[in-house]
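Notes to accompany the following structure.
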Amino acid sequence: PRPPPHLHLPSTYLHEEAESGKEVIIIFTFFNSTFLLLPTALHTVSLSTRAPTCTMKCTSLLNTLAIASTLYPCAAFSPSSPLSKTVTQLHNDATASSPVEPPPLNPLLSKIKPSATVEVFSLVKQMEAEGASVTSLCVGEPDFAPPDCVLEAATAAMKAGQTTYTAVTGTLELRKAIAEDLKSRKGVDYNPVTEIVVGNGAKQCVYQGLLAACGAGDEVIVPAPYWPSYPEMALLVGAEPVIMETAVEDGYLINPDVLEKCLQDHPKAKVLMLCNPSNPTGGVHSTELLTQIAKVLEKYPNVVIMADEIYERLVYTEDKHTAFASLPGMRERTITVNGLSKSHAMTGFRLGYLAAPAHFAKAAATLQGQITSCASSISQAAGVAALTEVDESWLANNVVIMKEKRDYVLQELAKMEGVSVAVPPNGAFYVLPDVSGYYNGDDTKLCLDLLKEKKLALVPGGSFGAPGTVRLSYATSMEELEVAMTKLREFLEGL
Numbered sequence: 023p024r025p026p027p028h029l030h031l032p033s034t035y036l037h038e039e040a041e042s043g044k045e046v047i048i049i050f051t052f053f054n055s056t057f058l059l060l061p062t063a064l065h066t067v068s069l070s071t072r073a074p075t076c077t078m079k080c081t082s083l084l085n086t087l088a089i090a091s092t093l094y095p096c097a098a099f100s101p102s103s104p105l106s107k108t109v110t111q112l113h114n115d116a117t118a119s120s121p122v123e124p125p126p127l128n129p130l131l132s133k134i135k136p137s138a139t140v141e142v143f144s145l146v147k148q149m150e151a152e153g154a155s156v157t158s159l160c161v162g163e164p165d166f167a168p169p170d171c172v173l174e175a176a177t178a179a180m181k182a183g184q185t186t187y188t189a190v191t192g193t194l195e196l197r198k199a200i201a202e203d204l205k206s207r208k209g210v211d212y213n214p215v216t217e218i219v220v221g222n223g224a225k226q227c228v229y230q231g232l233l234a235a236c237g238a239g240d241e242v243i244v245p246a247p248y249w250p251s252y253p254e255m256a257l258l259v260g261a262e263p264v265i266m267e268t269a270v271e272d273g274y275l276i277n278p279d280v281l282e283k284c285l286q287d288h289p290k291a292k293v294l295m296l297c298n299p300s301n302p303t304g305g306v307h308s309t310e311l312l313t314q315i316a317k318v319l320e321k322y323p324n325v326v327i328m329a330d331e332i333y334e335r336l337v338y339t340e341d342k343h344t345a346f347a348s349l350p351g352m353r354e355r356t357i358t359v360n361g362l363s364k365s366h367a368m369t370g371f372r373l374g375y376l377a378a379p380a381h382f383a384k385a386a387a388t389l390q391g392q393i394t395s396c397a398s399s400i401s402q403a404a405g406v407a408a409l410t411e412v413d414e415s416w417l418a419n420n421v422v423i424m425k426e427k428r429d430y431v432l433q434e435l436a437k438m439e440g441v442s443v444a445v446p447p448n449g450a451f452y453v454l455p456d457v458s459g460y461y462n463g464d465d466t467k468l469c470l471d472l473l474k475e476k477k478l479a480l481v482p483g484g485s486f487g488a489p490g491t492v493r494l495s496y497a498t499s500m501e502e503l504e505v506a507m508t509k510l511r512e513f514l515e516g517l
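This is the structure:
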């Protein structure tokens with residue numbers, strides 16, 4: 023029978039009843055037919071012989087009420103009726119016997135590993151929040167502040183009202199500054215209108231570059247040791263990462279012969295990841311070695327080079343960094359990624375860029391327009407100042423300081439039994455010593471015990487494709503480095 027008029031309730035009341043946890047049934051009328059809507063695993067049943075049965079399944083009481091109150095506002099409710107008590111019992115039995123599972127996640131996530139660096143850093147922050155004093159060498163972040171002109175430019179931009187969206191690819195002023203910097207320092211000419219995309223950090227630019235260059239069925243060659251995000255990004259775009267081993271005696275640099283063999287064995291290879299200087303090794307590919315690598319790649323014209331050059335300002339040899347795109351025949355197939363995080367200590371500004379031939383840049387801009395849109399307008403204003411106002415002496419002085427820190431860390435590591443660095447790193451601000459003589463090569467266990475016993479945070483080398491090693495970042499104060507080296511030495515001596 024039709025429910026009495028006095029039992030008709032507004033939809034808002036139905037939502038309140040659902041949130042209060044009461045068990046109810048809903049009777050509603052729709053197109054002159056009467057329906058009974060049952061909660062949880064039951065179905066809607068027609069009470070009218072003139073209407074077809076509705077088979078809309080309800081997975082929860084809240085969904086039941088939401089459906090009824092949204093689609094059928096002429097709903098009635100009777101929590102005290104015998105039928106309601108019967109439905110309540112059925113609902114309780116179903117819930118007790120089969121707990122509701124959360125909706126499934128994207129199957130792709132089962133392939134993706136979390137960043138080990140981020141995990142260690144999060145653990146450090148949690149320990150510090152609980153009152154522990156932790157010495158951390160796990161994050162690649164300069165310990166000095168950005169230049170004053172950068173901070174002043176950010177402040178001025180905010181005061182001037184430059185707080186709105188910019189073009190997806192970035193302000194033309196910043197893109198022109200990037201193009202001029204690449205032309206004057208690296209010898210590579212890019213059109214600031216069509217060939218440069220400013221992103222929310224270099225990491226986003228690497229991902230968008232990969233997404234533009236390859237996809238399902240393709241392979242991405244990742245030299246090991248590698249930045250942990252590279253293989254995961256390859257998986258995210260649907261490609262398969264191919265890990266190409268390098269040798270410690272070569273300083274973990276790419277061997278052209280090994281590269282050619284890898285390309286021969288993997289005809290589906292579409293992208294070569296080239297991190298120069300390297301994270302995590304600090305290795306720097308010389309101009310001569312890069313030229314040899316380019317000669318190999320000439321035989322494989324369909325392979326795109328993803329040149330991650332975020333550390334190019336931090337090189338400690340007379341042979342300065344060479345942009346891969348500047349080599350003969352390489353510009354049209356190279357996606358260069360760079361930024362200001364490492365060189366100008368602007369990690370929190372989240373500002374990076376991609377420079378590439380127009381068809382790659384346009385694709386990356388299209389992707390960014392659907393993912394994040396533009397980078398922060400304030401950060402972009404600061405980026406212009408970083409590229410046009412910072413004196414070269416400021417940058418050169420930071421290189422000197424970083425080199426002193428590197429030399430100190432290498433000196434201290436050399437004193438520790440069972441620790442070795444075959445080839446000193448010549449760039450970035452990382453050292454990847456071999457500690458495989460401890461814990462039977464279990465670098466993760468070593469790092470966990472080191473953090474627990476000495477409150478010293480390092481990153482296990484296994485997460486970089488280099489088991490039996492640990493990564494140290496010396497981008498911190500000399501005082502902190504002294505404490506860290508003492509803790510590491512004492513820990514290893516106690517094993």
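All the letters of the sequence shown, read from the start, carry residue numbers 23 to 517 under this note's numbering. Glycine included, C-beta positions come from ideal geometry on N, C-alpha and C.
(Q) At the level of alpha carbons, what is the spacing between T188 and K467? (A) 47 Å
Q | Where the alpha helix (DSSP H) containing D429 begins and where it ends | A | 414-436
Q. Between which two residues does the beta strand (DSSP E) carrying R493 extend?
A. 492-495
Q. Does the region 215-230 touch the region 453-473, meaning 3 or more C-beta pairs lie closer than 8 Å?
A. no
**Q.** DSSP-derived helix/strand/coil call for M328
**A.** strand
(Q) Quick check on the burial criterion: 16 or more other C-beta atoms within 10 angstroms. Buried or exposed for L31? (A) Confidence in L31 is poor, its pLDDT being 38 and thus under 50, which makes the residue's placement unreliable; the coordinate value appears in the next sentence. Counting Cβ neighbours within 10 Å, L31 comes out buried, since at least 16 surround it.
(Q) Taking the alpha carbon of L472 as the reference point, which residue from T139, R511, A397, Y430 has its own alpha carbon closest? (A) R511
**Q.** Beta-carbon proximity list for A450, same chain, < 7 Å, skipping 5 on both sides
**A.** P299, S300, N301, G304, Y333, L336
Q | Own chain residues within Cβ distance below 8 Å of T440, not counting five before or after | A | A quick correction: the sequence has Gly, not Thr, at residue 440. Contacts found: V457, G459, Y460, L514.
(Q) For K208, count the other beta carbons within 10 Å of its own beta carbon; 16 or more makes it buried, fewer makes it exposed. Which is it? (A) buried
Q | Straight-line Cα distance separating L127 from V211 | A | For clarity, residue 211 is Asp in the given sequence; the question names Val instead. Cα to Cα, D211 sits roughly 44 Å from L127.
Q. Is the beta carbon of V172 sitting closer than 9 Å to the one on A316?
A. no
(Q) Using 9 Å as the threshold, is the C-beta distance between E163 and S495 below it? (A) yes
Q. Would the beta-carbon of V306 fall within 9 Å of that of N448?
A. yes
Q: Could you name the residues of the same chain whose beta carbon sits closer than 6 Å to that of V219, not counting the 5 residues immediately before and after it, in chain order?
A: T191, L376, A383, A386, A387
Q) Closest by CA to Q390, which one among Q230, Y430, E254? A) Q230
(Q) Determine whether the beta carbon atoms of K292 and V228 lie at a separation below 9 Å. (A) no
Q) Just reading off the alpha helix (DSSP H) that G231 is part of, what are its end residues? A) 224-235
Q. Which residue comes first and which comes last in the beta strand (DSSP E) that contains L294?
A. 291-297
**Q.** Stretch pair the region 478-488 + the region 236-253: three plus CB contacts closer than 8 Å
**A.** yes
Q. Where does the unbroken beta strand (DSSP E) through E241 begin, and where does it stop?
A. 241-246
**Q.** Residue range of the beta strand (DSSP E) that includes P263
**A.** 262-267
(Q) For the ligand NAD, I want to know if P124 counts as a neighbour, meaning its beta carbon is within less than 8 Å of at least one of the ligand's heavy atoms. (A) No copy of the ligand NAD appears in this structure; indeed no ligand is present at all.
(Q) From the DSSP secondary-structure annotation, give me the bridge partner or partners of S158. (A) A479
Q. Is the beta carbon of A397 sitting closer than 9 Å to the one on E217?
A. no
Q | Distance between T157 and A506 (C-alpha atoms, nearest Å) | A | 6 Å
(Q) Tell me the DSSP secondary structure of D165 in three-state form. (A) coil
Q. Looking only at its own chain, which residues have a Cβ that is under 7 Å from the Cβ of T339, when we skip the five neighbours before and after it?
A. V306, N448
**Q.** Test item: CB-CB of V412 and P169 under 9 Å
**A.** yes
Q) Do you know whose CA, among L204, T358, K205, Y252, lies nearest S137's CA? A) Y252
**Q.** DSSP beta-bridge partners of N277
**A.** The partner list for N277 (beta bridge, DSSP) is empty, contrary to what the question assumes.
Q.
Cutting at 6 Å between CB atoms, please list the residues of its own chain near K520, excluding the five before and the five after it.
A. Only positions 23 to 517 of the chain appear in this structure, which leaves residue 520 out of reach.
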